[in-house]
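The block underneath contains the structure these notes are about, expressed in structure tokens.
There are 2 protein chains.
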Amino acid sequence: MLRIILSGFGVVGQSFAKLLLSRSEDLYAKHGLKPRIVGVFDSKGSAASSAGLDLNRLLEVKKKYGDIRKYHNKERNANGLEMIKGMEAEVLIETTPSNYKDAEPGMSHIVTAMRNGLHVITVNKGPLALAFPSLIELATYNQVQLKFGGTVGGGTPILDYAKNSLRGERILSFQGILNGTTNYILTNMSTGLTFKEALSDAKKKGYVETDESLDIDGLDAAAKLVILANWIMDMKVTLKDVKIIGIRDVTTSDIKKAKSHDSAVKLIASCNKELEVAPKEILLDDPLCVNGTLNAITFNSEHSGQQTIIGKGAGGMETASSILRDLLDIKQEMFRIEIT
Amino acid sequence: MLRIILSGFGVVGQSFAKLLLSRSEDLYAKHGLKPRIVGVFDSKGSAASSAGLDLNRLLEVKKKYGDIRKYHNKERNANGLEMIKGMEAEVLIETTPSNYKDAEPGMSHIVTAMRNGLHVITVNKGPLALAFPSLIELATYNQVQLKFGGTVGGGTPILDYAKNSLRGERILSFQGILNGTTNYILTNMSTGLTFKEALSDAKKKGYVETDESLDIDGLDAAAKLVILANWIMDMKVTLKDVKIIGIRDVTTSDIKKAKSHDSAVKLIASCNKELEVAPKEILLDDPLCVNGTLNAITFNSEHSGQQTIIGKGAGGMETASSILRDLLDIKQEMFRIEIT
């Protein structure tokens, strides 16, 4: 049995609960995995049961009242940090929103969990963007695993592909479209909309973060770039090492100019010794040149040439599926002894 | 030390020897891998040394005389099967050309190697296309590993991505452009060439197999489809289970018709319960719609949506890099004890 504390119960948290419900038999039969969410907390409060919460009931309560505290008949006041310190569990799953100023409250959740011997899965990019190298050190020091497969590419396992599927190969550089919102806006601008019109359309569709700057000014793409650079290229970098230009100043005439030489303007995050996020012209014929909310990344490898992966970069169920992969890894590592 | 017998010393075999030379220090430092090619054979004869062949010299001899027998001062007459049975080695690497009639001589090499306790890496698709299920059984029975990462996608680790990076996810179906030669021909036809002109151009560029039918009539794509279906979808199928239509009858008017609804004609290998290779219209905007000799495959997964991988599907060094990945896996498995 694997006991989980879930931090945040928004779209991703709820999708993960649904995924566990729909996959429970299969997970046990195929992977010997029997996960139990023993505690869940958000900014309002928490719900807990050392035998495992009834996920159907938890989802129902959240839907009906918008408040997970109603799971219990009396209000529970345990906050996140108390729960992480006090409850018996093996894994913390951190899904609160990314914040690139101080990365709180996620940073405290993750650090406290690791200090208390919990493995951590985070889809919150903030703590990794601001402190990747130190967090990895802290995980090593405390002999716990820190997983973050869902932070880049949503359900598309970009990090895993580069690290594992390309093992034994040297990745020399890479460049990608890592933010679906800006890609949606730029795609719409190529059909004639102005930046303002395209932004307003993206907002209507619910594609833009509450703080629009995270998307538009390139912070989200830069955070993903930092994670990729640390994990794949063994660089020790944080957000301040990235040169960032967003798409706010891209004009319809820039887009027309690109079109005139069979190209499109895309917000490209690139790692080629230097780390950079900036609007660039990409040939329409380049596999990287994807439209709509799609994400794409091209790895330039020493012996296997250029390889591109394309997929949805976000979505609740997609991100939940990456959390599940991380959980399977943690389980497998916990029971493996390797002799070399 | 890992002792290797290399079957075939054409483009792929020579690239693999070069790769080992250029990576030897790094392979030992990073992966503890010290591979030695102790024997190599082709249709003419063989060269062998139980301490490991001098790969620089072997490459030189091949270049100068086109005959590896000249490595030794006297002619060696050991044929492949004798070498596999008689030499002390851990791994056979099979790189002779694919043949979809009886899969020989590769089939005998692989079967003999496994019966003699050797792990096998094959980039020869013939034996897998005709007998995947039985070969896997034979490997299990003899407690050896059978690896074939280079058979699909060349250096692009498509099989590994689907099997490992997507672990814990269900792949519902997939479709791909798995043959670079036909893709090159169809791409050129879209610029106005007839099939005959485009085929003749592809031949000049050296993209077409000696037996052109393997590419043009869809056999190569179908063989890769069989391998994917067995490995990823747990189907037990062989080449005769695939409905195959090649590109011989694609006309310029088919291509024009496709263009008129923003599509292109591509040779698509698809697995959606049924296995099929046939020319189909694909939207230009679809990530799968790649040009030139590129390969691409889209996996439709249950929770992470559509994911597309694009890369070069062939090339000596690219395929050699996939052999190296398989070798790293074999080494790792040999020294792993798993406790569950």
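Protein sequence lines, in the order shown, are assigned to chains A and B.
Here the first sequence stands for residues 0 to 339, numbered as in numbering that gives the first Met the number 0.
Here the second sequence stands for residues 0 to 339, numbered as in numbering that gives the first Met the number 0.
Here a beta-carbon is modelled for each residue, glycine too, at the ideal position from N, C-alpha and C.
All values reported here derive from a predicted model rather than from experimental measurement.
### Message
Tell me the DSSP secondary structure of Ser212 of chain B in three-state form.
### Response
helix
### Query
Over what stretch of residues does the beta strand (DSSP E) that includes Gln305 of chain B continue unbroken?
Gln305 to Lys311
### Query
By Cβ distance below 8 Å, which residues in the same chain neighbour Thr111 of chain B in space, the five residues on each side in sequence not counted?
Leu80, Ile83 and Lys84
### Backbone CA spacing between His30 of chain B and Leu20 of chain B [nearest angstrom]
15 Å
### Query
Out of A:Leu165, A:Asn141 and A:Gly38, which has the shortest C-alpha to C-alpha gap to Ala50 of chain A?
A:Gly38
### Task
Have a look at A:Asp284, A:Lys256, A:Ala263 and A:Ile267 and flag the residue whose alpha-carbon is nearest the alpha-carbon of Val241 of chain A.
A:Ile267
### Message
By the 9 Å beta-carbon criterion, what residues does the region 251-266 of chain B contribute toward chain A?
### Response
none
#### Entry: the region 118-134 of chain B touching the region 99-107 of chain B, judged by at least three CB pairs closer than 8 Å
yes
### Query
Tell me, which residues are paired with Phe40 of chain B by DSSP?
B:Ser6 and B:Ser45
### Message
Going by the DSSP bridge assignment, what does Gln174 of chain B pair with across the sheet?
### Response
B:Ser269 and B:Thr297
### Query
What did DSSP end up calling Thr121 of chain A once you bin it into helix, strand or coil?
strand
### Task
Put Arg247 of chain B into one of helix, strand or coil per three-state DSSP.
coil
### Task
Compute the distance between the beta-carbons of Ser172 of chain A and Asn294 of chain A, then report whether it is under 8 Å.
no
### Message
Is the beta carbon of Val11 of chain A closer than 8 Å to that of Thr209 of chain A?
### Response
no
### Message
Could you compute how far the alpha carbon of Leu18 of chain A sits from the alpha carbon of Leu213 of chain A?
### Response
28 Å
### Message
Quick check on Ile338 of chain B: buried or exposed, where buried means 16 or more other Cβ atoms within 10 Å of its Cβ?
### Response
Note that Ile338 of chain B scores a pLDDT of 40, beneath 50, so its modelled location is shaky; the value from the coordinates is reported in the next line. It counts as exposed.
### Task
Indicate whether Met188 of chain B and Ala201 of chain B have their beta-carbon atoms separated by less than 8 Å.
no
### Three-state secondary structure (DSSP) of Lys204 of chain B
coil
### Beta-carbon contacts of Ile3 of chain A that lie in its chain and below 7 Å, excluding the five residues immediately before and after
Pro34, Arg35, Ile36, Val37, Ala88, Val90 and Ile92
### Message
Quick check: the region 282-291 of chain B against the region 50-65 of chain B, are at least 3 beta-carbon pairs closer than 8 Å?
### Response
no
### Contact with chain B by Gln144 of chain A, beta-carbon distance below 8 Å
no
#### Entry: Spatial distance of Val119 of chain A from Lys146 of chain A (CA atoms)
6 Å
### Message
According to DSSP, Ile92 of chain A sits in a beta bridge with which residue or residues?
### Response
A:Leu5 and A:Ile120
### Query
For Phe40 of chain A versus Ser14 of chain A, is the C-beta spacing smaller than 8 Å?
no
### Coarse secondary structure for Val11 of chain A, derived from DSSP in three states
helix
### Task
Ignore the nearest five residues each way along the sequence and tell me which others in Ala222 of chain B's own chain have a CB closer than 6 Å to its CB.
Lys124 and Ala128
### Query
Roughly how far, in whole angstroms, is the beta-carbon of Gly217 of chain A from the beta-carbon of Gly304 of chain B, given that I think they are within contact range, below 8 Å?
Wrong, their Cβ atoms sit about 24 Å apart, outside the cutoff.
### Query
How many angstroms separate the CA atom of Lys265 of chain A from the CA atom of Lys43 of chain A?
39 Å
### Task
Use the C-beta contact count for Tyr64 of chain B: other C-beta atoms within 10 angstroms, 16 or more gives buried, fewer gives exposed.
exposed
### Task
Output, in sequence order along the chain, the residues in the region 152-171 of chain B whose CB is closer than 8 Å to any CB in chain A.
Gly153, Gly154, Thr155, Pro156, Asp159, Tyr160, Asn163, Ser164, Leu165, Arg166, Gly167 and Glu168
### Query
What are the residues that DSSP puts in a beta bridge with Leu80 of chain A?
None, per the DSSP bridge assignment.
### Message
For Leu282 of chain B, list the residues DSSP reports as bridge partners.
### Response
B:Ser262
### Task
Flag Gly315 of chain B as yes if its beta-carbon sits less than 8 Å from any beta-carbon of chain C, otherwise no.
Going by chain labels, chain C is absent from the structure shown, which instead holds the protein chains A and B.
### Task
Would you give the residue range spanned by the alpha helix (DSSP H) that Asn182 of chain B belongs to?
Gly179 to Met188
#### Entry: Terminal residues of the alpha helix (DSSP H) in which Met333 of chain A lies
Gly315 to Met333
### Task
Give the DSSP-derived three-state secondary structure of Asp102 of chain B in the structure shown.
It should be pointed out that residue 102 of chain B corresponds to Ala in this sequence rather than to Asp. Ala102 of chain B falls in the coil class under three-state DSSP.
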